[in-house]
Every structure is written in structure tokens, then in C-alpha cells.
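Notes follow the structure.
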Amino acid sequence: MREVLEAIEAVDWDDLPGPSDLYDPARAATGLRALATATGLVPAADAGSLLAGGGLVHDHSGTVFPAAVVAAPCLLAIARHGHPEAGATALGLFDDALAFATRDGSTRVATPYAEAVPICCALADHLRGGADLLAARGREGKRLLADAAEHWRFDVQEAVVEGEGVAAFGILAGRFPDGTPAAELHRAGRVAPLERVVLHYPPEVYGGSDACLSVDGVRPDELAPPAVLFPARCGPGPTAG
Ligand SMILES: [Zn+2]
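255 is the number that my numbering gives the last residue of the sequence shown; the numbers go up by one with no jumps.
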């Protein structure tokens, strides 16, 4: 747990955005420290209340903060190495955070792969990173993974001309929905809408896998790597760029 505690100390929680009447940075840091070191049900529950009461989420108002994305690796580490009650609390917080984030539609966070990712999709990526852990956690873990899979992500590796549009080859994470969904195209700090995206060959349900998408009305250079696609339904429309 020493590494988790160091990771918590390394974050400037005061510096993270969040509504000032709801987000309480001190609760984020104190709650995470307490959850990482909890040795039973009562301390884990106390830590959980701090984190759910303004630290990472505000459960009464159904609000999730960018701090939840920053804390995601710590929550997974606590679920993996912490006391079982602390681990259960960590997954419960993840569950709340993803549910609130899915209804959010406006909060975006910077990630290593794109600059303004819908907060739900950023959380889902962290959950996929803990897929082995979650799959071993019975029904609750599998449900979290299934919820995360709705927030698919496609990383373009190659884009070539195909008729009036482009065929994009790359890695699909999560579950691409049936039909021809609208998407958000993230590239070089810009977000652009894509009206419809067609999946040519589907990968496995979980984890990353090769896939090919076809997109009309764009040029190959607009989809050139490192372009990343997310579901359009996760955001109200392009707000960054
Ligand atoms: Zn999403």
C-alpha cells in the first residue's frame, strides 16, 4: 500500500476542477488514505463516506468529479491489494462514479490518449485496465465491466481511402453498439462529430482488439493516427478544440 499512499500524496487535489459547493479536495486525499489503510468494515465505510460525500463523487446530488478519474488507479490498487472491505468500498465508488458520469454529458478530462474525453469514457478505460481483477469479482465485477464496455473507444492506427469515405484500422476497446452510431473524433486537441460509423469486423467483447471502421465524409488525414473515436452519446457535442 506504500505505493498507493505515495500516489495519493503526489496529486494536488486542490488543483483539480469541480463545483466548489460539492467537491472537497481534502475529503479526496483523506478518504483515499483512509481507504488504502483500512483494516475492517467500519474504517472502510468511514473512508467511503468521505469519498462519496464530496471527495470523488457527491452521491446526494449524483455528481462525479474529475478527481474520480485521477483516483481510479488507486481504487483499483485498493481493490487488488487492500482489505476486502476496503476493496468492496472501492468498487462501490467506481460503480457510483460511472453511473453518475454516464448521466453527466458535459464534464471532460484530459487523458494520455486525448485531451477532452467524456468523464464516463475515461472511467471506463480505467475499469478495462482492471478487467482481470473485475472478472474475478463475481457478478458485481462483471456488471461493472459490462457497464464500462458501453463506453467504447477506437484508436486509429491506419486510415485509407474507401469510396466516398475512409476505412480506419485500429484497436477497439469496449463493445461497439449494433447499428451505425454517431461518434466523436478526437485528434490533435480537436473534437469533431462523425454522423455515422460502420463496424466492418467486430473484435472480442472486452479488452482491445483489431477492428475496422468505415466513416463517410472525411479525408484520411482527418482520421490519421493518433485519432481516437468515442461514442457521440457520451457528450452533448464537441466542446473542445
Ligand atoms: Zn462514455
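Ideal placement from N, C-alpha and C gives every residue a C-beta, glycine not left out.
Under 8 angstroms between C-beta atoms of residue i and residue j
i, j, result
"Phe79", "Gly32", "yes"
"Ala82", "Leu70", "yes"
"Arg167", "Val242", "yes"
"Gly101", "Ala111", "no"
"Thr194", "Arg210", "yes"
"Arg189", "Ala150", "no"
"Ser228", "Gly179", "yes"
"Thr44", "His97", "no"
Limits of the unbroken alpha helix (DSSP H) element including residue i
i, result
"Ser80", "Ser is not the amino acid found at residue 80; the sequence shown has Pro there. 80-95 is the extent of the alpha helix (DSSP H) around Pro80."
"Gly45", "39-51"
"Asp60", "55-66"
"Phe190", "Unbroken run through Phe190: none, as it is neither H nor E."
"Ala21", "16-24"
"Ile160", "The sequence as given places Ala at residue 160; Ile does not occur at that position. Taken as a continuous stretch (DSSP letters only), the alpha helix (DSSP H) holding Ala160 covers 152-163."
Whole-angstrom distance between residue j and residue i, CA atom to CA atom
i, j, result
"Gly249", "Glu129", "14 angstroms"
"Glu236", "Ile185", "17 angstroms"
"Asp73", "Ala61", "14 angstroms"
"Ala24", "Pro126", "18 angstroms"
"Gly119", "Asp26", "25 angstroms"
"Glu198", "Phe114", "20 angstroms"
"Ala104", "His95", "11 angstroms"
"Asp146", "Ala21", "22 angstroms"
"Ser75", "Ala181", "42 angstroms"
Residue i - containing beta strand (DSSP E), residue span
i, result
"His140", "Note, His140: premise wrong, no beta strand (DSSP E); alpha helix (DSSP H) at 133-143."
"Asp109", "Run containing Asp109: none in the beta strand (DSSP E); it sits in the alpha helix (DSSP H), 98-118."
"Arg201", "197-201"
"His214", "211-215"
Closer than 8 angstroms to chain C by CB, residue i
i, result
"Ala61", "Going by chain labels, chain C is absent from the structure shown, which holds only one protein chain."
Exercise. Please list, following the chain, all residues that have a C-beta closer than 5 angstroms to any non-hydrogen atom of ligand 1.
Key: Each of Pro132, Cys134, Cys135, His165, Cys248 has a C-beta closer than 5 angstroms to some heavy atom of ligand 1; these make up the full list, in chain order.
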